[in-house]
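Numbering (the working numbering), first residue to last: 10 to 546.
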Amino acid sequence: MITTTESKERFPDIPERINGLGELAYNLWWSWHPEARMLFKMLNRAAWKVSVHNPVKMLNDLRGEVFDAASEDPKFLRHYDAVMARFKAEMNTTSGWFYSNITDPGMFPVAYFSAEYGLHHSLPFYAGGLGFLAGDFLKECSDLGVPVVAMGFMYPEGYLRQRIRPDGWQESESETLDRENAPIRRVLDDKGEHLTVKVPFIEPPIYVEVWKVQVGRVLLYLMDTDIEMNDPWSRGISARLYIGSPELRLKQEVVLGIGGAEVLSVLGIKHSVLHLNEGHPAFAILERIRERVASGMSFDEASGQVRATTVFTTHTPVPAGHDVFPFSLMEKYFHSYWPSLGLDSEAFMKLGTNPADPAAGFNMTAFAMRMSGYRNAVSKRHGEVTRRMWQPLWPDLPEEKVPVESITNGIHIPTWIEPRIQLLLNKFVDMDWLNEHDVAETWRLIEDISDEEIWKTHFWVKMKLIIRMRERVRQRWLYENADPRIILASGVLLDPNALTLGFSRRFATYKRATLILHNLERLKRMLNDRWRPVQII
10 MITTTESKER
20 FPDIPERING
30 LGELAYNLWW
40 SWHPEARMLF
50 KMLNRAAWKV
60 SVHNPVKMLN
70 DLRGEVFDAA
80 SEDPKFLRHY
90 DAVMARFKAE
100 MNTTSGWFYS
110 NITDPGMFPV
120 AYFSAEYGLH
130 HSLPFYAGGL
140 GFLAGDFLKE
150 CSDLGVPVVA
160 MGFMYPEGYL
170 RQRIRPDGWQ
180 ESESETLDRE
190 NAPIRRVLDD
200 KGEHLTVKVP
210 FIEPPIYVEV
220 WKVQVGRVLL
230 YLMDTDIEMN
240 DPWSRGISAR
250 LYIGSPELRL
260 KQEVVLGIGG
270 AEVLSVLGIK
280 HSVLHLNEGH
290 PAFAILERIR
300 ERVASGMSFD
310 EASGQVRATT
320 VFTTHTPVPA
330 GHDVFPFSLM
340 EKYFHSYWPS
350 LGLDSEAFMK
360 LGTNPADPAA
370 GFNMTAFAMR
380 MSGYRNAVSK
390 RHGEVTRRMW
400 QPLWPDLPEE
410 KVPVESITNG
420 IHIPTWIEPR
430 IQLLLNKFVD
440 MDWLNEHDVA
450 ETWRLIEDIS
460 DEEIWKTHFW
470 VKMKLIIRMR
480 ERVRQRWLYE
490 NADPRIILAS
500 GVLLDPNALT
510 LGFSRRFATY
520 KRATLILHNL
530 ERLKRMLNDR
540 WRPVQII
């Protein structure tokens, strides 16, 4: 029997009357429900701020007398009971849009694989938009009741945080994960030990320990290779997101795809559809094919069946963003694997060959494109670029007929809309606007909101951002003895009345920060308008 560590074991000082706080802290459901965040804030405002809004750390830091007082506070208990009642109701696995609209709600879950997940800053397993799409996808599936199980890595060193040095250059710092204060739990085997799984067909052997994150009703399993059973080289596979070394990067993607599929098998989780978020986990396709070949199917029959139930979402519009591994490196790690598929070396390598550059190596995006039955880009424009880029995979089709759909990236609205704006919409639009946000009629009611109300709320949110930036600058000045030029450049002089343009992405070349220069004449008019000042973050 596979189990997890229980939250009540982590917080023994919490009285029985409010012991649901531990369960709530370990379920990221709280992060997109303002009333749940307010519950933790009511418990102790100072501790909530010090924990940087991380309830697991907060509950670990607080003493028993705080919990005792809360368990006897009528106001706190009323709010606690209301939050827990909603939490329990929404965790009901047979409620939601999916169960009301799908004729076969008993289907096996969708297995969602991604190299990164942007869920909350206490889990630094993300680098950018790809990760936030994955995180929002899991939250939305929880809200709708869609049966999904997710797979990824638990990166002990997280992702590199970029900072600006006094000389103006950026440098990177790793952010070490505080496991004891993060909303993650060990998955235990039937002996009560931390579940360890061996990645198939890889030599020397690689083992992963399995952790779990509860995202509402969705389970996210995370693999960690930093364990004593692995050699030092393999222990670093899951150290951080997007390792630079090609060989270590390949091993990382082998573990993510093949190892992730093996973890699901060990957990006894069968899935009806495999959804790949970008090409990093695409080797999971091979495991699905291998299982069918082992049961007696030919490779063509098995791959056809797998292709029909595989979805691939591609994000990257430039060649530099796609992983390509040398054929020699692929042979080193897969020479004992392709016979299990009924293939030889040449046939195996062709699966990942890009016809536009066949000598470059094994292209993970080309492989995922070939082996998926449904493919989508993440905007209309990106769809056009992607169809043009990958048209050589379908040489008999014109560019506009290349089978890549366009689905514009959305957001998980409760996560990203400021609570004060939510209140404005509740007041003027409809109390049920959140459930009806995809109905055009809902948004026509926005015309009833006065310009003054909209601007007042917008300005309040903008001031909240600027105050937060100033607070960060103060902390840096106090504790880091930062260069005054950096302090000035970090936002202390921002004018809340100025038009503010932001670039909130990594400053990698292919992120195209220079798009701001696309229309120079318009930019010059904006920057030189003395009555309408502009500032850039």
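Even for Gly, the Cβ is constructed at its ideal location relative to N, Cα and C.
Put simply, of Leu186, Leu229, Phe334 the residue whose alpha carbon is nearest the alpha carbon of serine 254 is Phe334. Straight-line measurement puts the Cα of leucine 169 at about 21 Å from the Cα of isoleucine 496. Nearest C-alpha to serine 183 among Ala191, Ser304, Asp176, Gln171: Gln171. Judged by DSSP in its simplified three-state form, lysine 221 adopts strand. Secondary structure in the region 464-539: the alpha helix (DSSP H) runs of 4 residues or longer, each lying completely within the stretch, are 493-496, 529-536 in chain order. Cβ contact annotation for proline 209 (same chain, cutoff 7 Å, sequence separation greater than five): Ile267, Glu271, in chain order. Here DSSP, grouped into helix, strand and coil, assigns asparagine 418 to coil.
Here glycine 330 is not near tyrosine 126, since their CB atoms are 7 Å or more apart.
Spanning the alpha carbons of histidine 42 and aspartate 366 requires a straight line of approximately 48 Å. If only complete runs of 4 or more residues are kept, the region 348-420 shows the alpha helix (DSSP H) at 354-359, 373-380, 389-399, in order along the chain. Within the region 132-205, the complete alpha helix (DSSP H) segments at least 4 residues long are 138-153, listed from N- to C-terminus. Taking C-beta atoms as the reference points, phenylalanine 76 and isoleucine 23 count as a pair closer than 7 Å. With distances taken between CA atoms, leucine 276 lies nearest to Val158 out of Ala375, Thr323, Val158, Leu338. In this structure, the beta-carbon distance from serine 247 to tyrosine 342 does not fall below 7 Å. Of Asp70, Tyr89, Asn372, the smallest CA-CA separation from leucine 30 is found for Tyr89. Taken atom to atom, the span from the alpha-carbon of arginine 174 to that of glutamate 489 is near 12 Å.
Between the alpha carbons of methionine 47 and leucine 153 lies a distance of about 24 Å.
Residue range 319-322 is occupied by the beta strand (DSSP E) that includes phenylalanine 321.
DSSP places alanine 291 outside both helix and strand once states are collapsed to three, so it counts as coil. The alpha-carbon of serine 345 is positioned some 17 Å away from that of phenylalanine 371. In this structure, phenylalanine 512 sits near alanine 522, with a CB-CB distance shorter than 7 Å.
The DSSP-derived three-state label of valine 543 is strand.
DSSP, read as helix, strand or coil, puts valine 327 in coil.
A buried status is given to valine 227, since no fewer than 16 other beta-carbon atoms sit within 10 Å of its beta-carbon. Beta-bridge analysis with DSSP links histidine 284 to Tyr121, Val320. Comparing C-alpha distances from valine 155 to each of Ala120, Trp220, Phe134, Val448 shows the shortest one belongs to Ala120. Counting only runs of at least 4 residues, the region 13-94 fully encloses the following alpha helix (DSSP H) elements, listed from N- to C-terminal order: 16-19, 29-34, 43-52, 54-59, 64-70, 73-79. By alpha-carbon distance to aspartate 235, the top candidate from Tyr251, Glu166, Glu180, Val196 is Glu166.
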